[in-house]
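Colleague: Once you've had a glance at the structure underneath, I'll fire off some questions.
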Amino acid sequence: MKIRLGHSPDSDDAFMFWGLASGAVQSEFEFEHILRDIQTLNDWAKEGKLESSAVSVHAFAYVADKYALLRHGGSFGDNYGPMIVAESEISLDDLKEMVIAVPGILTSAFLQLNLWFEDQFGSEVKPMYEVVPFDEIIPAIKSGKYKAGLIIHEGQLTYAEEGLVELANMGKWWGEKTGGLPLPLGVNVVRKDLGEDACIEVSRCMRESIQASLDNRSTALDYALQFARGMDVKTSDTFVGMYVNERTRDMGEEGIKAIRLLLSEGARIGLVPAVDVAVID
Numbered sequence: 132m133k134i135r136l137g138h139s140p141d142s143d144d145a146f147m148f149w150g151l152a153s154g155a156v157q158s159e160f161e162f163e164h165i166l167r168d169i170q171t172l173n174d175w176a177k178e179g180k181l182e183s184s185a186v187s188v189h190a191f192a193y194v195a196d197k198y199a200l201l202r203h204g205g206s207f208g209d210n211y212g213p214m215i216v217a218e219s220e221i222s223l224d225d226l227k228e229m230v231i232a233v234p235g236i237l238t239s240a241f242l243q244l245n246l247w248f249e250d251q252f253g254s255e256v257k258p259m260y261e262v263v264p265f266d267e268i269i270p271a272i273k274s275g276k277y278k279a280g281l282i283i284h285e286g287q288l289t290y291a292e293e294g295l296v297e298l299a300n301m302g303k304w305w306g307e308k309t310g311g312l313p314l315p316l317g318v319n320v321v322r323k324d325l326g327e328d329a330c331i332e333v334s335r336c337m338r339e340s341i342q343a344s345l346d347n348r349s350t351a352l353d354y355a356l357q358f359a360r361g362m363d364v365k366t367s368d369t370f371v372g373m374y375v376n377e378r379t380r381d382m383g384e385e386g387i388k389a390i391r392l393l394l395s396e397g398a399r400i401g402l403v404p405a406v407d408v409a410v411i412d
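Letter by letter, the sequence shown follows residues 132 to 412 in my numbering.
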């Protein structure tokens, strides 16, 4: 069986899939790696296009009828995650009146921004926003086009070097709000219609690929650097360490609990439909 495996051309995804891409993990299945940006993968998942794919946790709410959640390959922030940044300090009263540059309406960051806004300002106040490609948000703030932006990916490590300041950190906020749960960001899913045996095999391959990458960190990191979008080795290593770790190998019950809570909170405010989160062990 051929499994088309969708993931983003980012260093953290490349790192965790090194085990499969290098042949370190063997399977009777043939895996074809399809590299696309996460917005494309989210849209494709709504169509059920690929057998397995990375999707944002936010988008999973719209594809849970077609896909089951894998315990492996999830990205979580432990007291870190998407940030609201600006060129200078801005009061909360001013922030709620500003248009915020966001990286996409199906990103987990956007869901978290909406929950954060409700927590800060009440249910009547919604964020004003415009969608900007994630790697253009920091330049757009520096150029003056936007006063504030919601940053993801490596921007979380480089914003200070660009002269920006942090106004809010979704990971810190979520950790405080939930008693220390990790912040769910991205997950990997497998299409339910493949059948239970195939879903379990995809899950095994994903787990072993991540383990192989963790066991061969230097080699896997060298492979991932080609997808690092200009990051230096030290920054790439830090970024990969933030989002590929033991929780990525297996999110555990705490990770599943965090995902279910985030999606139920999203449903409560009417941003996502209520879903049953099916998990493949």
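Cβ atoms here follow ideal geometry from the backbone N, Cα and C, with glycine treated the same way.
By how many angstroms is the C-alpha of D381 removed from the C-alpha of L413?
Modeller: Only positions 132 to 412 of the chain appear in this structure, which leaves residue 413 out of reach.
Colleague: Under the DSSP definition of a beta bridge, which residues are partnered with K133?
Modeller: By 1-based counting over the sequence shown, the position of residue 133 is 2. DSSP lists E161 as partners of K133.
Colleague: Using the beta-carbon count (16 or more within 10 Å), is L223 buried or exposed?
Modeller: For the purposes of this step, residue 223 is identified with residue 92 of the sequence shown, where counting begins at 1. The residue in question, L223, is exposed, as its Cβ has fewer than 16 Cβ neighbours within 10 Å.
Colleague: In the DSSP assignment, what residue or residues form a beta bridge with E261?
Modeller: One-based indexing of the sequence shown puts residue 261 at position 130. The partner list for E261 (beta bridge, DSSP) reads A232.
Colleague: Out of curiosity, what's the CA-to-CA distance linking D250 and L242?
Modeller: To locate residue 250, count along the sequence shown from 1; it is residue 119. To locate residue 242, count along the sequence shown from 1; it is residue 111. In a straight line, the C-alpha of D250 is about 13 Å away from that of L242.
Colleague: Alpha carbon to alpha carbon, how far is D368 from L352?
Modeller: One-based indexing of the sequence shown puts residue 368 at position 237. One-based indexing of the sequence shown puts residue 352 at position 221. Approximately 7 Å between the Cα atoms of the pair.
Colleague: Would you call the stretch 261-270 in contact with the stretch 336-356, where contact means no fewer than 3 C-beta pairs closer than 8 Å?
Modeller: In short, these stretches do not touch, since the Cβ pair count stays below three.
Colleague: In chain order, what are the residue ranges of uninterrupted beta strand (DSSP E) at least 3 long that sit wholly in the stretch 331-409?
Modeller: Whole beta strand (DSSP E) segments, 3+ residues: zero.
Colleague: Under the assumption that V233 contacts L244 (Cβ atoms under 8 Å), give the Cβ distance between them as a whole number of angstroms.
Modeller: Counting from 1 along the sequence shown, the entry for residue 233 is found at position 102. Counting from 1 along the sequence shown, the entry for residue 244 is found at position 113. Rounded, the Cβ-Cβ distance is 7 Å, consistent with contact.
Colleague: Ignoring anything shorter than 4 residues or poking outside the stretch 173-239, list the alpha helix (DSSP H) runs there in chain order.
Modeller: As far as the stretch 173-239 is concerned, its whole alpha helix (DSSP H) runs of at least 4 residues are 188-194 and 223-226.
Colleague: Please name the residue, chosen from K197, I282 and S254, that lies closest to T238 on a Cα-to-Cα basis.
Modeller: Numbered from 1 along the sequence shown, position 107 holds the residue referred to as residue 238. With distances taken between Cα atoms, T238 lies closest to I282.
Colleague: Is the separation between the beta-carbon of G204 and that of L316 shorter than 8 Å?
Modeller: Taking the sequence shown and counting its residues from 1, the one referred to as residue 204 is at position 73. Taking the sequence shown and counting its residues from 1, the one referred to as residue 316 is at position 185. Not closer than 8 Å, so no.
Colleague: According to the neighbour-count rule (16 or more other Cβ atoms, all chains shown, within 10 Å of its Cβ), is Q287 buried or exposed?
Modeller: For the purposes of this step, residue 287 is identified with residue 156 of the sequence shown, where counting begins at 1. Classification of Q287: buried, given that the 10 Å Cβ count is 16 or more.
Colleague: Assuming E261 contacts V230 (C-beta within less than 8 Å), just tell me the rounded distance between them.
Modeller: What you label residue 261 is simply residue 130 of the sequence shown in a count that begins at 1. What you label residue 230 is simply residue 99 of the sequence shown in a count that begins at 1. That belief holds up - the Cβ atoms of E261 and V230 are roughly 6 Å apart, short of 8 Å.
Colleague: Compute the distance between the beta-carbons of S219 and V333, then report whether it is under 8 Å.
Modeller: Residue numbering aside, residue 219 sits at position 88 when the sequence shown is read from its first letter. Residue numbering aside, residue 333 sits at position 202 when the sequence shown is read from its first letter. Contact: no.
Colleague: Can you give me the start and stop residues for the beta strand (DSSP E) that L314 sits inside?
Modeller: Stepping through the sequence shown from its first residue, residue 314 is reached at position 183. From DSSP, the beta strand (DSSP E) with L314 extends over L314 to R322.
Colleague: When the Cα atoms are used, what is the spatial distance from E385 to R378?
Modeller: By one-based count along the sequence shown, residue 385 stands at place 254. By one-based count along the sequence shown, residue 378 stands at place 247. Their Cα atoms are separated by approximately 9 Å.
Colleague: For the candidate residues G253, F248 and A279, whose alpha-carbon lies nearest to that of V263?
Modeller: What you label residue 263 is simply residue 132 of the sequence shown in a count that begins at 1. Of the candidates G253, F248 and A279, the one whose C-alpha sits nearest the C-alpha of V263 is A279.
Colleague: Whole angstroms are fine: how far does the CA of I411 sit from the CA of C336?
Modeller: One-based indexing of the sequence shown puts residue 336 at position 205. One-based indexing of the sequence shown puts residue 411 at position 280. The straight-line gap from Cα to Cα measures roughly 12 Å.
Colleague: Locate the alpha helix (DSSP H) running through I272, then write down its first and last residues.
Modeller: As a first step, residue 272 must be located in the sequence shown, where it is residue number 141. Counting along the chain, the alpha helix (DSSP H) containing I272 begins and ends at I268 to K273.
Colleague: Using 8 Å as the threshold, is the C-beta distance between S139 and A185 below it?
Modeller: Here residue 139 refers to the residue found at position 8 when the sequence shown is read from its first residue. Here residue 185 refers to the residue found at position 54 when the sequence shown is read from its first residue. Yes, these two residues count as a Cβ contact at 8 Å.
Colleague: Verify whether the separation of the beta carbon atoms of V321 and E182 is less than 8 Å.
Modeller: Looking up residue 321 in the sequence shown gives position 190. Looking up residue 182 in the sequence shown gives position 51. Their beta carbons are under 8 Å apart, which means V321 touches E182 by this criterion.
Colleague: Are the CB atoms of F370 and E285 nearer to each other than 8 Å?
Modeller: Taking the sequence shown and counting its residues from 1, one reaches residue 370 at position 239. Taking the sequence shown and counting its residues from 1, one reaches residue 285 at position 154. Yes, these two residues count as a Cβ contact at 8 Å.
Colleague: Which partner residues of H138 appear in the DSSP bridge assignment?
Modeller: Start at 1 with the first residue of the sequence shown, and residue 138 comes out as number 7. Paired residue(s): L166.
Colleague: Which same chain residues end up closer than 7 Å to A405 when comparing Cβ atoms and leaving out the 5 residues on each side of it in sequence?
Modeller: Here residue 405 refers to the residue found at position 274 of the sequence shown. Result list for A405: A398, in chain order.
Colleague: With 16 as the cutoff for other CB atoms within 10 Å, does S142 come out buried or exposed?
Modeller: In the sequence shown, the residue the question calls residue 142 occupies position 11. The residue in question, S142, is buried, as its Cβ has 16 or more Cβ neighbours within 10 Å.
Colleague: Is S187 buried or exposed, if buried means 16 or more other CB atoms sit within 10 Å of its CB?
Modeller: Residue 187 sits at position 56 when you count from the first residue of the sequence shown. That one is buried.
Colleague: Grab the span of the beta strand (DSSP E) containing L298 for me, first residue to last.
Modeller: As a first step, residue 298 must be located in the sequence shown, where it is residue number 167. Run containing L298: V296 to N300, per the beta strand (DSSP E) assignment.
Colleague: Give a yes or no on contact between the stretch 298-309 and the stretch 209-217, applying the rule of three or more CB pairs nearer than 8 Å.
Modeller: Yes: at least three Cβ pairs fall under 8 Å.
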